[in-house]
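According to mature numbering (1 follows the signal peptide of the UniProt record, and there is no 0), the sequence shown holds residues -22 to -1, 1 to 488 in order. Just so you know, even glycine gets a beta-carbon here, dropped at the ideal spot from N, CA and C. Step one of this worksheet: look at the structure below.
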Amino acid sequence: MLVTRLAIPVLTFAISLGQSDGKEVTRQIVDLGYAKYEGVPSAFGNTNFLGVRYAAPPTGNLRFREPYPPSKTSGIQVADTHPYRCRNGDQNTTSTLNKRDFNPPPNDEDCLFLNLVVPGTEIKPSAKLPVVLVGVDTTPGQGGEDVIFDGNDLVQLSGGKAIAILIQYRLGVYGFLAGEDVKKGGALNAGLLDQQFAFKWIQKHISKFGGDPRRVTLWGESAGAGSVLQQLIANGGQTSPPLFDSAILSSIYYPPQYKYNDPVPEKVYNDVVRIAGCDGRQNKLDCLRGADVLLLDKAGRDITFGGFYFTTYIQPRNVLIVANTNEGSIFVDPAYSSDLTSYISALLPTISPRDAKLGAELYEGLGSVLDQAIKFNGEFIFICPTYALLRSLNGHGYKGHFAVPPAAHYQDAPYYFPSSSASGAPLFNNTAFINTFGGSFLDFAVHGTPNVNRTGSLLPYWPKWREPGQKEATFNRTESLEPDVHISETPSDLLERCRFWDSIGQSVGH
């Protein structure tokens, strides 16, 4: 016999099924109005809701448009399968890189789904748990969605005190195509609009899973962190009601930004039109809406990655930011040996010859030309935007420095998602270090501060970053492979280089 117990009317159901051994299996079903989803137990003792649709498929006539609400679906959807990842075209990162081969996992244009992990095996709508919302965007070129990560890692790091949500949003040519035609006939920054649509979904529905809509922390890695930065800036830094109350940014990816109709995005748009075979059509955007995804993917591969990223005032919020020592190392061709001025000019097409030369002089004496190019790339795209954001937050942000060798871009990810094969095993697989580093981020999300005296943590008191002082937490290891976690001061020469790039930011898209 089927027995139904209503946890709260209409919204959340706990359905019990009798078994032959007399034990009761409780099904956790949440009614979202447009669909009912049944959660499934995870190996960690939590409840997974995988592949929950939050928006209509952005295909056909909805390609390059703002997201729309999903249609109603009858029956109960068993949420036990990861959705396909969003298509990305497997772009390269900059025009100075050699083409690289990638093995993308299954993907689809119909990808606006999210994964939720709720602590424990029973949904409690009255729990009012904090929510960690991850819009993960992995190393450019790999795509960037939740299917390769497991939100159970975050729930476990929180000690079962938070709900983890990992969202997917349109990427590359599908999510960030710009130009006058897109402005007139579509939606600029559709990928960011997808994120905001997901944020609003959470405000409306997260209480049905036991979450508190007033306690939402955004978390992004790499380009995902760049989009979190954009969300901090969006709407003058304010929405009513607020869609989130704090943010974590890991390795902010912030390449040159352009207005939607500047020459660079217009050239990108025209290149996409050409590659998709839409040259000569009266309505080129309509033609692109009907173009084969393989042609659009090809456009994404053939066109510089930076052309698809985002086209100030920042409301002070509680923010934690981390950057890695060698962010630029995977983005520079290891065979590069020309002069640094030429490299800077290639990466920043709008920079003046004088400013390129002045910028190159700041890196004299910092190793070989390749070393200098790596340092410049990492500082301009990742590290300097971090300090610019911290200055604008005026004492509301914590700054972390991930320094475990070689401390390349994305090598911090395994410490947040240790069970994910996609991120690989932590290079420094030390339990105390992982508990300290990854745990401090979840403590921030749950408590609003990393300073909570977590059991077994090696973290000293972590002050907020402000000027003067510029204190940040450094996470490293010793040569004898012991954890080295300490508070340090931001190097003055690094801040000097960042001030130079900030001073010419308007002319180079920053």
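Taking Y147 as reference, the option from V112, N26 and G278 with the minimal CA-CA separation is V112. Cβ-Cβ separation between D190 and K262: approximately 46 Å, too far for a contact (criterion under 8 Å). By the CB criterion at 9 Å, T328 and P234 fall inside the cutoff. Contact between the region 82 to 99 and the region 132 to 143 is present: 3 or more CB-CB pairs across the two stretches fall below 8 Å. In the DSSP assignment, E16 falls outside any alpha helix (DSSP H) and lies within the beta strand (DSSP E) extending over K14 to P19. With a 10 Å radius around the Cβ and a threshold of 16 neighbouring Cβ atoms, S228 comes out buried. R295: not part of any alpha helix (DSSP H); DSSP gives it neither H nor E. Inter-segment contact for the region 403 to 416 and the region 346 to 357 is absent: fewer than three beta-carbon pairs are separated by less than 8 Å. Residue burial annotation: P438 is exposed, with fewer than 16 other C-beta atoms found within 10 angstroms of its C-beta. G402 and L344 have their C-alpha atoms some 31 Å from each other. When the five nearest sequence neighbours on each side are left out, the beta carbons in the same chain lying within less than 8 Å of the beta carbon of D223 are those of R192, R193, V194, T195, R295 and N296, in order along the chain. The beta carbons of V160 and F309 sit no closer together than 9 Å. Using a Cβ distance threshold of 9 Å, N39 and N66 do not count as a contacting pair. Counting only residues of its own chain and dropping the five nearest sequence neighbours on each side, V486 has a CB closer than 7 Å to the CB of P234, L326, T328 and I329. Taking the CA atoms as reference points, Q208 sits about 25 Å from Y62. In this structure, G337 sits near F478, with a CB-CB distance shorter than 9 Å. Contact annotation: S435 and T452 have beta-carbon atoms that are not nearer than 9 Å.
Taking a C-beta distance under 9 Å as the contact criterion, N24 and N167 do not qualify as a contact pair.
Remark: three or more beta-carbon pairs, one from each stretch, lie closer than 8 Å, so the region 163 to 182 and the region 19 to 34 are flagged as touching. With respect to the 9 Å criterion, I299 and I226 are classified as neighbours on the basis of their beta carbons. Taken through DSSP and simplified to helix, strand or coil, T99 comes out as coil. CA-CA distance, S316 to D333, rounds to 18 Å. Straight through space, the alpha carbons of G11 and S49 are spaced by roughly 10 Å. For Y152, the enclosing alpha helix (DSSP H) starts and ends at G150 to F154.
Counting the other Cβ atoms within 10 Å of the Cβ of P461 gives 16 or more, which makes it buried.
Residue range P241 to I253 is occupied by the alpha helix (DSSP H) that includes I253, with no beta strand (DSSP E) assigned at that position.
In the three-state reduction of the DSSP assignment, D223 falls in the coil class. The Cβ-Cβ distance between F127 and Y232 does not fall below 9 Å. L367 is not a Cβ neighbour of L472, given a cutoff of 9 Å.
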